[in-house]
Amino acid sequence: MKEMSSKKQRVSRRDFIRLGGLSAGAAVLAACGGGGDEEPDGEVEATEESSSEPEESSESAPTQEGNSIVWWFAWGNLEAAVEAIEQLDGFKEHIGDDTFEWASGTNNEQVLTALAGGEPPDGASNLQYPMFWSRGVLIPVDDRIAGSSIIDLDDMIPALVEGSKYDGQMIGVPGIESFLWWGLNYNSDHVSAAGLDPDSPPATVEDALEWHRALTEFDAANNLVKIGLDPYDAMASEIDYSSFAYGLRWWDEENGKMVLDDPRLAEAIDTFGEFYRIAGPDNMAGMRSVEGQGTWGAAYNAGVQSMIIEGYWHPGETQIQQPEIAQYNRASWAPVAANREGGSKIMATGPHFVIIFKDGKNQEGMFKVAEYLQTPESMDIIYNEVGWLVGRLSYLETVSRDSYPGIDFYLSAADTADEYLVGRRSPIHGFVNTQWTELREAVYRDLMTPAEAVAELQKRADDEWEAQGLG
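Read in order, the letters of the sequence shown are residues 890 to 1360 in the working numbering.
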C-alpha cells in the first residue's frame, strides 16, 4: 500500500467539521458544472500550503491503472483504523488480487480538480455528497447493495437509509461514521461542584440556561474562565438543531422550500443569544481564540466548558483524547423549548458514505472496500481506534454500554427518540448555515432583533436558491 496522504498536517474529524463550509475555487466548480453547494462537511486544506492535489508520500504517486483501488477520505484520525483494516486477512481475501491505495486529508476541491482532469479516485468519503451527486459524477449503488451478502439495509436505522437516498436512489454506501448526532454531554464533576444534580440534566432550553448561568465562571478581573454551554458549538452550531429544538423543520424537502422567517426560529435565536449575553460575546470570542479552547470538543476537553451538544462520537473521542475529562462525561437528550410540540426527545442522524465515481477505473473494487467496512471486524476496529459507529442494528447490540462514558445514552436513544430529523438535506444547507452564523451573532450583540434576523435569513436563502438556478 502506498500512502498518498499529506505528512504536513492531519485533518481530524472535529477539525474538518469545524472548518467546513469553505467554498471550492470557482474555476474548479465551473469545470465540473453547476454552482457551489456549501455544506458543513466543506472543503478543508489538508496541508499548510495550498494544493489542488493530495500531497504524495516520499514514494511516487501510484497510478490508477489496472487493478488498483483508490480511495480518498478527509479525516486524518481514520488513518489508524484503515491501516489496521487493510492488514486483515478477510479484507485481503475480499478485494482479491486488487491493490488498495488511499489518501487522507483530502477535500472537495481536490476531488473536483481530479474529476475535471479525468483522473478521479475510485471513491471518496467525508465530503459534500449531495454536491457530487447533483453534478452527475457518482453512480447509484442500489443494485450493488441489493446483491451484497454483507450489507443489509433492513438491519440499519431506517432514518439512515432514508438519508442515503437522493432522487430515490442510494448515492453511496453508508458506513464509517453514521449514527446519532445530538445529545447533551456534560461534565458531572463541574455540575456537582456548582451545586447542581448530575442525575437530573436539563431537558429544556430554559433549564439549560439556568445550568449555564450556574456553571459559567469569571475571575476577579471579570475574565471568563469557564462556560456552561455554548448553544452554537459543535452539532448545535448548525441551524438544523436550533430550528428543530423549537419544533421547526426549516427544510421542506417534499416541496423544495425553506421555512426560515418563522416565529419559532426567532424565539430560538433570541433564547440562545442569552447564553452569549451571560458570558459576554467578547469574552466568548476571546476564550475561543486561546489555543486548545476552541469549539468541537477542544474547550470541553480542556475543562473550561461544562456542557456540549454533540453526537455519539463525543464519548469515544473524548476518552481517546482526554481520559481524565472523559471519566466525568455523561450524556442525555439535547434540550428543547419548553413549549415544543412533537415530543421532547429529539434526535438527528445522517450517513457518511463511500461514494463511487462514474469515471473511477475500479468501481467494483471500490464497492468491495465499502462493503467490507460494514463487517463486524471493520466496525470493531473503527470503534476501538476512533470511537465511531454505524447504525447497523445487529452490531449496535454487541457494543458494550460502558465502553466509553456517555455512550450508553446514544445506544438507548436510537429507538426511544420521539422525533427524528435527517439532517443536512437542503442543497444549500452550507450557505444557510453560514448566513445563520452571521445573523445570530448580530442578534446576541443586539445589532438586530430576532424577527429582523430570521426575515433577512429567509431573503438571503431565497436569493441564493434563485442564483443557483434551483427555483
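Note that the Cβ used here is the ideal one computed from N, Cα and C, for glycine as well.
C-beta contact flag for residue i and residue j at 7 Å
i	j	result
Leu-1285	Asp-1044	no
Leu-967	Pro-1240	no
Asp-1031	Met-1059	yes
Met-875	Ile-1198	Absent from the structure is residue 875, since the part of the chain shown begins at 890 and ends at 1360.
Ala-1350	Met-1147	yes
Tyr-1201	Leu-1098	no
Tyr-1261	Phe-980	yes
Tyr-1165	Asp-1078	no
Gly-1072	Ile-1244	no
Leu-1104	Ala-1168	no
Val-1258	Ile-958	yes
Pro-1009	Asp-1269	no
Val-1225	Ala-1306	no
Thr-1160	Val-1094	yes
Glu-1143	Val-1311	no
Trp-1140	Leu-1149	no
Asn-1322	Ile-1116	no
Met-1236	Ala-1302	yes
Val-1279	Gly-965	no
Thr-1184	Asp-1122	yes
Met-1255	Gly-1012	yes
Glu-1274	Ala-970	yes
Asn-1074	Ala-1220	yes
Phe-1246	Val-1080	no
Phe-1320	Glu-1355	no
Arg-1334	Pro-1170	yes
Tyr-1018	Phe-1298	no
Gly-1409	Gly-1136	Since the first residue shown for the chain is 890 and the last is 1360, residue 1409 is missing from the structure and cannot be characterised.
DSSP state of residue i mapped onto helix, strand, coil
i	result
Ala-1187	helix
Val-1343	helix
Arg-1368	Residue 1368 cannot be examined here, being either before or after the span of the chain that is shown, 890 to 1360.
Arg-861	For residue 861 there is no data in the structure shown, the boundaries of the chain being 890 and 1360.
Ala-950	Summary for Ala-950: the model assigns pLDDT 38, below 50, so the residue's position carries little reliability; its value from the coordinates is reported in the next sentence. The answer is coil: DSSP assigns Ala-950 none of H, G, I, E or B.
Gln-1058	strand
Ser-1221	strand
Val-1179	coil
Gln-1194	strand
Ala-1157	helix
Glu-990	strand
Ile-1116	strand
Ile-984	helix
Trp-1022	helix
Leu-1027	strand
Trp-1277	coil
Val-1094	helix
Glu-1169	Checking the displayed sequence, the identity of residue 1169 turns out to be Gly instead of Glu. Three-state DSSP puts Gly-1169 in coil, outside helix and strand.
Trp-964	coil
Pro-1047	helix
Gly-1064	coil
Val-971	helix
Ser-1037	coil
Gly-1012	strand
Glu-872	Any answer about residue 872 is impossible in this case: the structure gives the chain only from 890 up to 1360.
Ser-940	Note on Ser-940: pLDDT 37, under 50, position unreliable in the model; the coordinate value appears next. Ser-940 falls in the coil class under three-state DSSP.
Val-1148	coil
Ser-957	strand
Glu-1143	coil
Glu-1127	coil
Integer-rounded CB distance, given that residue j should sit under 8 Å from residue i
i	j	result
Ala-1035	Trp-1222	The Cβ separation is near 36 Å, so there is no contact.
Gly-1181	Gly-1276	In fact, because the Cβ distance is near 20 Å, the residues do not count as touching under 8 Å.
Asn-956	Asn-1251	7 Å
Gln-1211	Asn-1190	4 Å
His-1101	Leu-1118	5 Å
Tyr-1309	Thr-1238	7 Å
Trp-960	Val-1000	About 11 Å; that fails the 8 Å criterion.
Near the ligand MG: residue i beta-carbon under 6 Å from a heavy atom
i	result
Ala-1003	For the ligand MG, the structure offers nothing, since it holds no ligand at all.
Exercise. Which full runs of the alpha helix (DSSP H) of 4+ residues lie inside the region 1066-1090, going along the chain?
Worked result: Taking only runs of at least 4 residues, the alpha helix (DSSP H) segments lying wholly in the region 1066-1090 are 1077-1082.
Problem set entry | Contact the region 1137-1155 vs the region 1339-1355: 3+ CB pairs below 8 Å | With three or more CB-CB distances shorter than 8 Å, the region 1137-1155 counts as touching the region 1339-1355.
For this session: Pair every Cβ in the region 1309-1316 with every Cβ in the region 1324-1331, then say whether three or more of these pairs are closer than 8 Å.
Result: As far as the Cβ criterion goes, the region 1309-1316 does not touch the region 1324-1331, which means the pair count is below three.
Exercise. Of all the beta strand (DSSP E) runs that stay within the bounds of the region 1286-1327, which reach a length of 3 or more residues?
Worked result: Whole beta strand (DSSP E) segments, 3+ residues: 1308-1311.
Exercise. Can you find at least 3 beta carbon pairs, one from the region 988-1002 and one from the region 1203-1220, that sit closer than 8 Å?
Worked result: Flag = no, the region 988-1002 and the region 1203-1220 do not touch.
Problem set entry | Within the region 1194-1274, ranges of the beta strand (DSSP E) (whole runs, at least 3 residues) | With a minimum length of 3 residues, the unbroken runs of beta strand (DSSP E) contained wholly in the region 1194-1274 fall at 1194-1198, 1218-1221, 1235-1238, 1242-1245.
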